[in-house]
Amino acid sequence: MLPDTFFMKTILITGGAGFIGSHLAEAILKVGGRVIVFDNFDYSRFIGPNDYNEFIRSQCSAQSYQCHCIKGDINDKSMIQEAISTWQPDIIVHLAAIADSVFALQFPEMCQQVNVCGVKNVLDACKQCSTLEKFVFVSSSYVYGDFLYDPVDELHPLRPQHIYGITKREGERLTEEFCERYGVAYTIVRPTAVYGFGSRENRVCSKMINDALTDRRIILYNGGNDRLDFTHIDDLINACMTLLTRDSVENEIVNISRGCVRYISELAEIVRMRIPDTHIVHATGDFKRPKRGELDISKMQRLLHFTPRIDLEEGIEMLINEIEHMRGTNDSLVTTMYRG
Ligand SMILES: NC(=O)c1ccc[n+]([C@@H]2O[C@H](COP(=O)([O-])OP(=O)(O)OC[C@H]3O[C@@H](n4cnc5c(N)ncnc54)[C@H](O)[C@@H]3O)[C@@H](O)[C@H]2O)c1
């Protein structure tokens, strides 16, 4: 049950046209909240604001639609300042980032620019905002580096070795420093391995499903021995919605995940079982990711009174159905969500 005051809130989402951001915007709009999306659309599910608005409106048609979409870059100080000072949000959820670890390694300077300098620009712009009650920084489990134990709680040492993890940790530090200095409540969330409809095609779940549907073939790297705490987008969004409305999560760092680790080989098997005649082809991958595993979600459960409920089998079934449905329709609006 959401507090009545929530419906009066203006929530600005940077990166609101991305995978997680667009699901979050949709969830807030569906309960009658007001959303301002700020995104440069460079890595978005959508081509631009018109495309975005059209999609979101179709999803929220029965509700009063209160969404304003700004095409802007967080690297452009004046643009983010203008957006924040014009709209005076009550809550900012910062999602805009180079969110792809392989891409981040290829373009480390860009990653540093967006994931660190961009965060600083957004925080600096918050000084123009007299209404701001809460700043939510969406970080990542990459900040832990190699998991030294399993499940990893929020007190696990922070030793990111990968540029993506290093920049996300820096974003956390900037958030803590700024919010403590200016008395703004903050929450830092650390999700991991989020999957679902609208995710980039190169993420492991979407890639395996698309490869299986297209070529009846899944490439499994390094025996599929890596373990991930796969988290369905609906679970993440439900956790975030609870977090946005609770004071008890102020000035906290919280893991958000399914809290259940699975091998990538299990994922391949789930996809293969569902899409007949799919072959698993073994290969050796040379991209080294940190050794990850399960996140300890007891803090999230205690603070949010929320427990994720979507197992990998159910989540993959949902995703295959959604991708099959998308492939079966000629709706150009939907297909743009999968552009590279
Ligand atoms: N997807 C996951 O598994 C996962 C896991 C942990 C953390 N995260 C974090 O969640 C956030 C969102 O991830 P996602 O999977 O939705 O990624 P995404 O790439 O789908 O969304 C990111 C959005 O940010 C926008 N963006 C990028 N640079 C920008 C800039 N300079 N100015 C304005 N907008 C910009 C992109 O256009 C895109 O729409 C990221 O901060 C990511 O680090 C994601």
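So in this note's numbering, the last spot in the sequence shown is 355, and the numbers never skip. We treat Cβ as the ideally placed atom computed from N, Cα and C, and that holds for glycine.
DSSP places L318 within a helical segment (H, G or I) once states are collapsed to three. The way I'd put it, the region 115-123 doesn't touch the region 161-170; fewer than three beta-carbon pairs between them come closer than 8 Å. A298 counts as exposed, since fewer than 16 other beta carbons sit within 10 angstroms of its beta carbon.
The beta strand (DSSP E) runs lying completely inside the region 37-112 and spanning 3 residues or more are 49-54, 82-86, 106-109, given in chain order. A check of alpha carbon separations from G300 across T260, D262, N237, T344 identifies N237 as the nearest. Contact annotation: D226 and R232 have beta-carbon atoms nearer than 8 Å. Nearest neighbour of G33 by Cα position, chosen from I295, I248, Q127, P18, turns out to be I248. A distance criterion of 7 Å places the beta-carbon of A42 beyond contact range of ligand 1, judged by its closest non-hydrogen atom.
Distances from the alpha-carbon of R218 to those of V46, I279, I26, I290 put I279 closest. When distances are taken from the beta-carbon of Y80 to the heavy atoms of ligand 1, even the shortest one reaches 7 Å or more. For L310, there is no enclosing alpha helix (DSSP H), as DSSP gives it neither H nor E.
For L251, the uninterrupted alpha helix (DSSP H) run begins and ends at 248-259, by DSSP. Taken in chain order, the whole beta strand (DSSP E) runs of length 3 or more contained in the region 276-307 are 294-298.
Not one heavy atom of ligand 1 is found less than 7 Å from the C-beta of D66. For a cut-off of 8 Å, the C-beta gap from T25 to F53 is around 12 Å, too long to register as a contact. A heavy atom of ligand 1 is found nearer than 7 Å to the CB of L110.
T207 has its Cβ nearer than 7 Å to a heavy atom of ligand 1. Separation of the CB atoms of Y201 and E191 is rounded to 7 Å, and the pair is thereby assigned contact status at 8 Å. A direct Cα-to-Cα measurement between D91 and T229 gives close to 40 Å.
Distance between L282 and K135, taken at the CA atoms: about 37 Å. Below 8 Å, too few C-beta pairs join the region 100-108 and the region 62-70 to call them touching: fewer than three. In the DSSP annotation of this structure, the continuous segment of the beta strand (DSSP E) that includes A200 starts and ends at 200-206. Taking C-beta atoms under 8 Å as the contact rule, Y210 and L334 qualify, at a distance of about 7 Å.
Under DSSP, the beta-bridge partners assigned to N270 are R205. Look at I335 here: in three-state DSSP terms it is helix.
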